[in-house]
Amino acid sequence: MTSPVLVSHDSFIQDAIITLFMYDADVLYVIDEEQLLLGILSRKDLLRASLNTNIDSTPVAVCMTRMPHIKTCHKDMNILEAAALLQDFAIDSLPIVDKEEERSILGTVTKSALLDYIIQQARKAEVNR
């Protein structure tokens, strides 16, 4: 689990693009005033929006994918279940949310982080043979 890169729902697309590149992130998680998840912005979402809108005055809420259309996982979810969600829905990352409060974001898991973990575990198993 890694820390998610967050942006406020009232941020402009231009600010989101800058944040995305400053943190070298694949996605941004859009939150409200109470730090609850409202949506997700991918690089593709921001690229598409930058072609069709005035990015310095259009809020991110216009182009984000909104809850409940976001696939999520929980911190106690099996790693294979999380990997299956990423694969089945052709997405690059999943927000990790609290089981009790589905919009409370705790972290994120990415395809690359899962692959790193699987390789690490395979190498450990090889050494222990």
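Using the working numbering, read the sequence shown as starting at 0 and increasing by one per residue. Yeah, the Cβ is synthetic: ideal placement off N, Cα and C, and Gly gets one too.
For the beta strand (DSSP E) that L36 lies in, which residues bound it at each end?
For the purposes of this step, residue 36 is taken as the residue at position 37 of the sequence shown. It spans 36-41 - the beta strand (DSSP E) in which L36 sits, taken as one unbroken run.
Run through the DSSP bridge pairs and tell me what R65 is partnered with.
The count along the sequence shown starts at 1 and reaches residue 65 at position 66. Note: R65 sits in a beta bridge opposite G38.
Which of the three DSSP states, helix, strand or coil, is assigned to I54?
Position 55 of the sequence shown holds residue 54. Looking at I54 - three-state DSSP - the assignment turns out to be coil, as it is neither helix nor strand.
Using CA atoms only, rank isn't needed, just tell me which of M63, A81, V6, D87 is closest to R47.
Within the sequence shown, the letter at position 48 stands for residue 47. Cα-wise, what sits closest to R47 is M63.
For S41, does the count of other Cβ atoms within 10 angstroms reach 16, so buried, or fall short, so exposed?
Start at 1 with the first residue of the sequence shown, and residue 41 comes out as number 42. In summary, S41 is buried, with 16 or more beta-carbon neighbours lying within 10 Å of its beta-carbon over all protein chains present.
Between the Cα of L37 and the Cα atoms of V59, L50, L85, M21, which residue gives the shortest distance?
Your numbering for residue 37 matches position 38 in the sequence shown. For L37, the nearest C-alpha among the options comes from V59.
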